[in-house]
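First up is the structure itself, then whatever we jot down about it.
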Amino acid sequence: MKKNFFLLPALLIPIALLAQFDKIKTTETNRKPVMINNQPAVIKNTVANTVAYDFGKVKICVDIAPPANVNLPPRRNSGGSPVPKINSDGTILQVGVTQQPLAGATEKMWNPGDVISVYLSPNNGSDWIRNRIQFYAKKWEDYANIKFEFIPDFKAAKIKVGLFNTGQSWSWMGRDVLSNPFNAYTMNFGWFDANTTELEMSRVITHEFGHALGFHHEHQSPASPLQWNLDKTYKYFKEKNNWSSAEVDWNIINKFNQNNTNYSAYDRNSIMHYTIPDDLLLVGSGTTTNYWISQMDGQYARLWYPAAPKGINTAGNLRTNDDCDDVFFKVEYDVVAADQVEFALSLGETNTKKVTWWKQIGIPRTNNTETVLWVQNHSLIREENRPAASLQIPVNEIDINKGISFWKAKMLGVHTLLGYKWNVLPALKGGCRITLIWNRDSCL
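Residue numbering for the sequence shown follows numbering that gives the first Met the number 0, beginning at 0 and increasing consecutively.
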């Protein structure tokens, strides 16, 4: 018995199929999904003037129009540009990023770093099958900054996986699962059993979880060079599935709109590509069956779901251009809580000459104020001596468009704002610690 993939977005599961899914109640939609029946091993040539070929090994996902009037929550910024490098003089070197985003539905992609909860039905199948689903789904985590968390709570899970022996495997697309008022299953594996090979497990599971991440079929990518033999393709699907020409266009021929699709260069080895026999194409060769996430799949998954930006620990010296000031700095990443930035200021020495008197830095806040951090060693006001101090500020409250200000006690101890601003804040991120040691404050 041959097996066929199906891609079903939210709210478009047929009533007959839903009835098998723990008796979940729903209503009939205006447009029913088009299903492909199980294919025989050999297709008889019943269409005139059509070359006979074995189409039974072709695995087809049927793409249905997205549900109407579904408003998905906005996505966060998907980029996460690289953290600029900080030079030893305190200046920052901007690092650009180029994204050549496998074909994906932009608005249905998840946010990088999301933890997506998954429920595996305990009905049908076996613990071994459920184990393999978890194993191969998590193959995407080797490339994408995303986590699949398998939980036992059906209602709480975003992705709800069934193991209903229908001979059909399908998945909703990406974040369509967030609009699921009837708590329907959003993915199904319809032919796994004790005899299913590891290759088949890999092929089907990684493919369907690719859809769950928002990835389209590669043969319908805007970059696809495939040239279909339209007469033969229309006749075949009319004979086999009673599809109209419009349905063949929608499910097989049409390419996705490049205005709302991210896509790489065409990848015939993509796990999101299905097998195509030579006879359906006007020129060139068809494609073989793909079992693994391809190299280009992995590259694209990293680009669209990038890892959290990481900075490079660095150190150097700042010159305020006042009285031969020398302020040592060190910037460290991922050393404090991820939602905080720590600032530490202390008084140092140069050639055994200790720095005294009052020093202060000001960290700009998004509410147009500054948070100050001050230190001093003063022989006359010992009760106020504080040679070192530190504080933490929530990263989302720091105004990165402004610089850190520097103050010091000058003539007669007057607290004076220096003309120097350190514009380092765009290179910081949550989890950073920035340490400043004022090692020299005069030219003597």
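No residue lacks a Cβ here, since even glycine has one placed at the ideal position from N, Cα and C.
Going by the DSSP bridge assignment, what does W139 pair with across the sheet?
Translated into the one-based positions of the sequence shown, residue 139 becomes position 140. According to DSSP, residue pairing for W139 in a beta bridge does not occur.
Whole angstroms are fine: how far does the CA of A307 sit from the CA of P386?
On the sequence shown, residue 386 is found 387 positions in, with the first residue counted as 1. On the sequence shown, residue 307 is found 308 positions in, with the first residue counted as 1. C-alpha separation (whole angstroms): 35 angstroms.
Hey, would you say I433 sits closer than 8 angstroms to S404, going by beta carbons?
For the purposes of this step, residue 433 is taken as the residue at position 434 of the sequence shown. For the purposes of this step, residue 404 is taken as the residue at position 405 of the sequence shown. Going by C-beta atoms, I433 is not nearer than 8 angstroms to S404.
Give the straight-line distance between the Cα atoms of L92 and P425, rounded to the nearest whole angstrom.
Position 93 of the sequence shown, counted from the start, is the residue given in the question as residue 92. Position 426 of the sequence shown, counted from the start, is the residue given in the question as residue 425. Using only the alpha carbons, I get a separation of about 10 angstroms.
At which residues does the alpha helix (DSSP H) containing R432 begin and terminate?
Looking up residue 432 in the sequence shown gives position 433. Where R432 is concerned, there is no enclosing alpha helix (DSSP H), although the beta strand (DSSP E) it sits in stretches over R432 to R439.
For F134, count neighbouring C-beta atoms within 10 Å of its own C-beta (all shown protein chains included) and say buried if the count is 16 or more, exposed if not.
Walking along the sequence shown from the start, residue 134 turns up at place 135. So F134 ends up on the exposed side.
Rounded to the nearest angstrom, how far is the Cβ of S269 from that of S293, given a contact under 8 angstroms?
Reading the sequence shown from its first residue, position 270 is the one you call residue 269. Reading the sequence shown from its first residue, position 294 is the one you call residue 293. Right, the Cβ-Cβ distance comes to about 5 angstroms (below 8 angstroms), so this counts as a contact.
Assign W373 to one of three DSSP states: helix, strand, or coil.
Against the sequence shown, residue 373 aligns to sequence position 374. Strand, per DSSP.
For the beta strand (DSSP E) that contains G161, what are its first and last residues?
Indexing the sequence shown from 1 puts residue 161 at position 162. Run containing G161: I158 to G161, per the beta strand (DSSP E) assignment.
Counting along the chain, where does the alpha helix (DSSP H) carrying I204 start and finish?
Within the sequence shown, the letter at position 205 stands for residue 204. Residue range E197 to A211 is occupied by the alpha helix (DSSP H) that includes I204.
Is it true that the segment 224–231 meets the segment 160–174, where meeting means three or more beta-carbon pairs spaced less than 8 angstroms apart?
no
Please state the DSSP three-state secondary structure of T232.
Against the sequence shown, residue 232 aligns to sequence position 233. Residue state, collapsed to three classes: helix.
First and last residue of the beta strand (DSSP E) that includes A387?
Here residue 387 refers to the residue found at position 388 when the sequence shown is read from its first residue. Start and end: A387 to P393.
Looking at C-beta atoms only, is the number of pairs between the segment 294–302 and the segment 131–147 that lie closer than 8 angstroms three or more?
These segments touch.
Give the straight-line distance between the Cα atoms of E348 and V413, rounded to the nearest whole angstrom.
Here residue 348 refers to the residue found at position 349 of the sequence shown. Here residue 413 refers to the residue found at position 414 of the sequence shown. The straight-line gap from Cα to Cα measures roughly 22 angstroms.
Looking only at its own chain, which residues have a Cβ that is under 6 angstroms from the Cβ of S87, when we skip the five neighbours before and after it?
Counted from its first residue, the sequence shown places residue 87 at position 88. Take S87, set aside five residues on each side of it, and the residues of its chain with a beta-carbon closer than 6 angstroms to its own are G315, in chain order.
Among the residues of its own chain, which have a CB less than 7 angstroms from the CB of K176, if the five just before and after it don't count?
As a first step, residue 176 is located in the sequence shown; it is residue number 177 there, counting from the start. Residue 176 is actually Val in this sequence, not Lys. Closer than 7 angstroms at the Cβ level, and outside the excluded window around V176, lie A9, K157, I158 and T185.
Starting from V247 and walking both ways along the alpha helix (DSSP H), at which residues does that stretch end?
Your numbering for residue 247 matches position 248 in the sequence shown. Going by DSSP, V247 is part of the alpha helix (DSSP H) stretching over S244 to V247.
Excluding five sequence neighbours on each side, which residues of the same chain lie with their C-beta closer than 6 angstroms to the C-beta of A343?
To locate residue 343, count along the sequence shown from 1; it is residue 344. The residues are S389 and T434.
Kindly indicate which three-state DSSP category P83 falls into: helix, strand or coil?
Taking the first residue of the sequence shown as position 1, residue 83 is located at position 84. Secondary structure of P83 (DSSP, three-state): coil.
So, do the segment 363–378 and the segment 319–328 have three or more beta carbon pairs nearer to each other than 8 angstroms?
Segments in contact, no.
Skipping 5 residues on each side, what residues in its chain have a beta carbon closer than 8 angstroms to that of I150?
Against the sequence shown, residue 150 aligns to sequence position 151. Closer than 8 angstroms at Cβ, skipping near neighbours: S116, V117, Y118 and A156.
Rounding to the nearest angstrom, what Cα-Cα distance links P363 and E341 in this structure?
In the sequence shown, residue 363 corresponds to position 364, counting from 1. In the sequence shown, residue 341 corresponds to position 342, counting from 1. Straight-line Cα distance between these residues: approximately 14 angstroms.
Whole angstroms are fine: how far does the CA of E331 sit from the CA of N312?
Counting from one through the sequence shown, the residue named residue 312 turns up at place 313. Counting from one through the sequence shown, the residue named residue 331 turns up at place 332. Straight-line Cα distance between these residues: approximately 5 angstroms.
I need the DSSP call for L177, collapsed to helix, strand or coil.
For the purposes of this step, residue 177 is identified with residue 178 of the sequence shown, where counting begins at 1. In this structure, L177 counts as helix in the three-state DSSP scheme.
Give a yes or no on whether the minimum CB-CB distance between N179 and chain D is below 8 angstroms.
Absence of chain D from the displayed structure is noted, only one protein chain being present.
What distance in whole Å lies between the Cβ atoms of G430 and V335, which are believed to be in contact at a cut-off of 8 angstroms?
Locating residue 335 in the sequence shown gives position 336, where the first residue counts as 1. Locating residue 430 in the sequence shown gives position 431, where the first residue counts as 1. Contact holds; Cβ gap of about 6 angstroms.
Look at the Cβ atom of K309, then the Cβ atom of V82, and state whether they are nearer than 8 angstroms.
Locating residue 309 in the sequence shown gives position 310, counting from the first residue. Locating residue 82 in the sequence shown gives position 83, counting from the first residue. A Cβ-Cβ contact shorter than 8 angstroms links K309 with V82.
Please say whether T365 and D398 have beta carbons closer to each other than 8 angstroms?
The residue given as residue 398 occupies position 399 in the sequence shown. The residue given as residue 365 occupies position 366 in the sequence shown. Cβ atoms of D398 and T365: closer than 8 angstroms.
Based on DSSP bridge pairs, tell me the residues matched to Y118.
The residue labelled residue 118 in the question sits at position 119 within the sequence shown. The partner list for Y118 (beta bridge, DSSP) reads K159.
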